[in-house]
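As structure tokens, the structure follows; a few thoughts come after it.
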Amino acid sequence: MRCLLFIFAFVLAVGVFRVEPRSTTGNRVLVLLDKEDDKALYSKFFNSLEEREYQLTYKLPTDSTVDLFSYGERAYDHVINFAPKTKNYKDKVNPLSLLNFVNKGGNILLGASSELSETMRDFAREFDIDFDDIDTSVIDHFNYDISDDGKHTLINAKGITNNEAILTKNVIEGPPVLFRGIAHKVGTIPLLTKVLWAGETAYSYETKADQQVDQEPLVVGNKVMLVSALQARNNARVTFVGSTELFSDRFFDSPIQRTNSAESFPKSGNEDFAKDLTKWTFQEKGVLKVTSRHHHKENETEELELYRIKDNIIYTIEISEYANDHWQAFNGTDVQFEAIMLDPYIRKTLTPLPTSPEQQARKYKAHIQLPDVYGVFTFKVNYKRSGYSYIEDSSVVAIRPFRHNEYPRYISAAYPYYTGAASMIVGFLLFSAIWFFNKESSKIVKKKTS
Amino acid sequence: MKVLGLDAQNQASLLKVVILGLIAFVAISSRLFSIIRFESVIHEFDPWFNYRATRRLVQTNFYEFWNWFDERSWYPLGRVVGGTVYPGLMVTSATIHNILHALNFPVDIRNICVLLAPLFSAFTAIAAFLLTSEIKDSSAGLLAAAFIGVAPGYISRSVAGSYDNEGIAIFLLMFTFYLWIKSLKEGSAFFGGLTALFYFYMVAAWGGYVFIINLIPLHAFALILMGRFSTRLYVAYSSFYALGTLMSMQIPFVGFQPTRTSEHMAALGIFGLLQIIAFVELVRSHLASNQFQILFKGFIFIAFIAMFSALVILTFSGYIAPWTGRFYSLWDTGYAKKYIPIIASVSEHQPTAWPSFFFDLEMLIFLFPAGIYLCFKELRDEHVFVILYGITASYFAGVMVRLMLTLTPIVCVSSSITISSLLDNYLDFSVVDPETTEQKSVTDSKSKPQDKHKKPGDSSRSAATSSKSEKKKKKDQFFGIIGNDSRGIVLLNFFFFLVIFIWHCTWVTSNAYSSPSIVLASRQADGSQYIIDDFREAYYWLRKNTDDSAKIMSWWDYGYQIAGMADRTVLVDNNTWNNTHIATVGKAMSSEEEVAYEIMRRHDVTHVLVIFGGLLGYSGDDINKFLWMIRIAEGVYPDDVKETNFFTPRGEYRVDDEATPTMRRSLMYKMSYHNYNELFGGQGQDRVRGAKLPADKIKLSTLEEAYTTENWIVRIYKVKDLDNIGRNLEQAAAFEAGKKSRRPKRKQSQK
């Protein structure tokens, strides 16, 4: 009886505490803060994360007990770094370890501010993201929010990505995002995605009293990046936000109205924007995976490692997308197949097959005739779209030439040879016959003459 | 006199068999040094491919082998092995293997492969015996067999473990020639057919078959020119050529070459010529002579014009391939260096140095011309053959080191004729008499029969008959050219020569030709042997520590060994069929890291292997081969790789402080010397090139060192993946090292 009770309690406990992480990476989040009190500034933001079943651990970067790894494995799945001011990172949390964290598949949300420390600036620079110098802010004298304090640094972000893999439609079309912080410039590496940027009239500069503008600003106009994201090759996501205030309770609830504009909203777009941004960064959306891949000859089912040139094969791949907290069929229509040997020999768009709603993946299929070239080919689906995790699925197959007995047996080009062989046979028989015949006749002749 | 109840003739036969058996035994056992010193292991480079192919043949079946598409070499192009290989060797060993297994002798295929060449050297000795017996007599034959059994020129390619085509091809060469001489002598279609059969075996075994298909027509042509056309020649050549060509075309690698390439056109032409001559002879026997003259001239003229123009037209229209580069390099030794560096880069394709003739053949090289002279004296059909073989083979042996191999048999045959004639004359006590030779020119023929019957002891009596020069002859008894004393001197001399010859051959075999080259041996200070086994160490590391799908980039020399010992996919190997692919590897080795990285990524390279001899003083390393890589790469990518950039302004090839920047930035240099200074704790010393290395540290950002063997001979590097966050690998490495990237100071705006 006791035993049964115990089991009951255990099952109950599992049922209650079993947390289905919403993120495909995991739900352990490390939050780094400049001061422990800062937690209160972003309470709404952190609460929304906890509502989404994340386990938040708050630490100071200067705390020497905090370690991103334990026994070489990631101790956390995500890092929120809201400690822009901290300069002295300890041994265990520093740019190098944060980069290792990314290389091991962890996601990072980095909040910056005008007081961004050099350490984090260096870290960002590795991602080809160049934050402006300390004490600079994004300034826009034409598009500041009406609640601005006169420095024109509280601005309404004008440009927002329309990539629905990252942001939902109502955020893209909803109220603008309130921003006060530092600008950054993005480089040219293709892994970067711009998420939020300033208007034509913005620039980045220091905001001291009676500041002389005698140097060229780092960035101006819509090159002034406010939020950008990088998806690493291992699909880890790192998001850079130029303003930690963007996530603050004050900005979440603040009404918003741009100066010189009649349009006003009772509440800024910050809360919804932050939600979408964390969803994307923490791998809750825009995540793709290949669930199966198969290739086989037509009319067969077995997957081979060795095909013959000009074989007709069928290639299928199933791709699944994580959205709305579950895996569902991916809806892309531009998935391509490539057969590569140094260069692509075949490139073909795969046909998406219809799916029923309960299916978790969509099947893509193509009929392919293999090239008339032998060698070792890589069958590759290389699907890289901004906002979606990368798909690079490859299988190596060898394509062999015809076997000696696979060539056509009787070909018209060889008729001369057949004729030759046949005439030789006939000639030999004839010759033999004549030889025999002649011998006898000559004997007869000889006999006659003698 | 009867011994063992046998009469004289049977005794001679028994002796011959026993002697041949002993020669075979000597031939085999002198090739076993390498097994005794090291172990039963496959040697060098090409044998590793042959071994790998044989293993596959044994594991699968003949048809699988025939259709083998090897996707693990020449990545990603692959190699159609069945169609690009001479299968004779593999089939031979597989057959032996299967027979032994059928008889329940579970012999490992490796041991069969290792011991195949010594076995066939015994057969070669027998073939040499048969051939020389046809040319002179069986005692010359035995000498030839003894010579070929131990001649270093042949041993160099047939020690145990040297599992290469040449190992069986020399036997086939000799035996085919024997059968050809036999069929020519007898005018027998049966022997002609046998010649063709062994010619087919030779075609299946070695590319050197072209020598046969040109030498036999040359022989036939010479005989025709000498007015020695006969029905024997007609029958022998026609049956050999027709059957041999048809059979040779069954080898996929040869295919239609006998009808389409210039190398085979001579044989076809002689075949045609023989038919014409035979036809002319037929017509002549049926026509009056003046009618025949007109017909003959007209016919010859038309036939010649027709054949020649057909050849020209076919060559220009592409039906007959012109001579290939390898053959041009036989006429002009500088050709390959100028146009095909890949051929010139092989050490065995270099012209032969004079000393190596003596090294490989010792005294035979002096006796060889004498044998040719003796052939001229008799000049029967078969002697013409020996002369032609001797002349052509000496030319080719002078052009290319490896062709010493085809010269060796004829040198042995020819020298055996010399020595055997010499011994015939000097050992035959029954015939000789000082006067006979002395008086041959002076006296008339009547004294000859008299002298012939005399015993050596009777010489004083015969001398008395010719009273004119009695005193002089008395003196000759002791000092004459064929006196017992001078016989003794000559015989002792030659006995001494023969002993020295055997001595030399054994010494050369033991010291020069018995090293497996995958295992090196050296002596320590106390005289004990020190085995350097770095190659196998590295290959075994690759086999055990890399993924099965790993792609290894190395210079082509090591391709077969990596495929054979490490069982990993390679980009290029010793079957140098694709010059561009080799040049691409050469370009990767000779370019800067960034360029090389692109190439390596494109070819899915996971590991790079270099051979570095600087620590040990092993001179056959990649830095010494590097110039060839550069040359081959420059041949294909003249804009990207320039040989001159690797030489200092004074035209020196250096690796020390004065090395050119291009040299020091090249991947090969970096891989060879990476971390080498750290080993010395200062500036490293390269013992091969006798140079002190530059002091600055060599930085590698796209590769990381994966393994370096005990003596640093083999170094393996792993190719890094693309950086996870899209930096270039140099930046990534700098960040890891703690360097920060800074943006340049902000520009001052104009006021």
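Those protein sequences? They're chains A and B, same order as listed. Residue numbering for the first sequence follows UniProt numbering, starting at 1 and increasing by one per position. Residue numbering for the second sequence follows UniProt numbering, starting at 1 and increasing by one per position. Think of the CB as a built atom: it goes at the ideal place given N, C-alpha and C, for glycine as much as any other residue.
Asked	Found
If the cut is a Cβ gap below 7 angstroms, which residues of chain A does B:E71 touch?	V376, A398
If we define contact as Cβ-Cβ less than 9 angstroms, is B:E736 a contact residue for chain A?	yes
Given that B:G78 touches chain A, what residues does it touch there, using C-beta distances under 7 angstroms?	Y374, G375, V376, A398
From the DSSP output, which residues share a beta bridge with A:W327?	A:Y322
Could you pull the DSSP bridge partners for A:K310 from this structure?	In the DSSP output, where bridge partners are listed per residue, A:K310 has none listed.
Taking Cβ to Cβ, would you say A:V287 is nearer than 9 angstroms to A:E321?	yes
Closer than 9 angstroms, CB to CB, is B:R602 near chain C or not?	Among the protein chains of the structure shown, namely A and B, there is no chain C.
In three-state terms, what does DSSP make of B:A734?	helix
Within 9 angstroms of any Cβ in chain A, is that where the Cβ of B:D547 sits?	no
Would you mind sorting A:F431 into buried or exposed? The rule is 16 or more other CB atoms within 10 Å of its CB.	exposed
Enumerated in chain order, which unbroken segments of the beta strand (DSSP E) with a length of 3 residues or greater are wholly contained in the segment 595 to 669 of chain B?	607 to 611
Would you please state the rounded distance, in angstroms, between the beta carbons of B:I552 and B:R568? I believe it to be under 8 angstroms.	5 angstroms
Can you list, in chain order, the residues of its chain with a C-beta nearer than 7 angstroms to that of A:T153? Leave out the 5 residues immediately preceding and following it.	S137, V138, I139, R180, T207
Does any C-beta atom of chain B lie closer than 9 angstroms to the C-beta of A:G15?	With a pLDDT of 46 at A:G15, under the threshold of 50, the modelled position of this residue cannot be trusted; read the value that follows with caution. No, because no Cβ of chain B sits closer than 9 angstroms to the Cβ of A:G15.
What are the boundary residues of the beta strand (DSSP E) that B:Y530 is part of?	529 to 532
Could you tell me which whole beta strand (DSSP E) segments of length 3 or greater appear in the segment 143 to 183 of chain B?	none
Which stretch, first to last residue, makes up the beta strand (DSSP E) that contains A:W197?	192 to 197
At the level of alpha carbons, what is the spacing between A:P95 and A:G159?	30 angstroms
Using Cβ-Cβ distances below 9 angstroms, what residues of the segment 329 to 341 of chain A are close to chain B?	I340, M341
Kindly give me the distance between the Cβ atoms of B:Y178 and B:L130, rounded to whole angstroms, as I take these residues to be in contact under 8 angstroms.	5 angstroms
Buried or exposed for B:F735, please, with buried defined as at least 16 other CB atoms from any protein chain shown within 10 angstroms of its CB.	buried
Which one or two residues does DSSP pair with A:K104 in a beta bridge?	Looking at the DSSP assignment, A:K104 forms no beta bridge with any residue, so it has no partner.
Would A:T278 be called buried (16 or more neighbouring beta carbons within 10 Å of its own) or exposed?	buried
Taking A:W280 as the reference, which of A:S386, A:N156, A:L41 has the closest Cα?	A:S386
So if I threshold CB-CB distances at 7 angstroms, which residues from the segment 69 to 103 of chain A count as touching chain B?	V102, N103
Would B:V107 be called buried (16 or more neighbouring beta carbons within 10 Å of its own) or exposed?	exposed
A:S389 and A:R293 look like a contact to me (Cβ under 8 angstroms); what is the Cβ gap, rounded to whole Å?	No, A:S389 and A:R293 are not in contact; Cβ-Cβ is about 16 angstroms, not under 8 angstroms.
Using a beta-carbon distance cut-off of less than 8 angstroms, what residues from the segment 555 to 566 of chain B approach chain A?	none
What's the gap between the Cα of B:L571 and the Cα of A:D34?	54 angstroms
Could you say which of B:G82, B:I343, B:S356 lies nearest to B:G635 if we only look at CA atoms?	B:I343
Along the segment 703 to 727 of chain B, what residues have a CB closer than 9 angstroms to any CB found in chain A?	D721, L722, D723, N724, I725, G726, R727
When you compare only the Cα positions, how much space is there between A:L109 and A:V79?	6 angstroms
Could you tell me whether the segment 217 to 226 of chain A touches the segment 165 to 174 of chain A, where touching means 3 or more Cβ pairs closer than 8 angstroms?	no
Could you name the residues that DSSP lists as bridge partners for A:K380?	A:E338, A:S394
Among B:Y637, B:T606, B:D557, B:F191, which has the Cα closest to the Cα of B:N624?	B:D557
Where do the ends of the alpha helix (DSSP H) carrying B:S486 lie?	484 to 511
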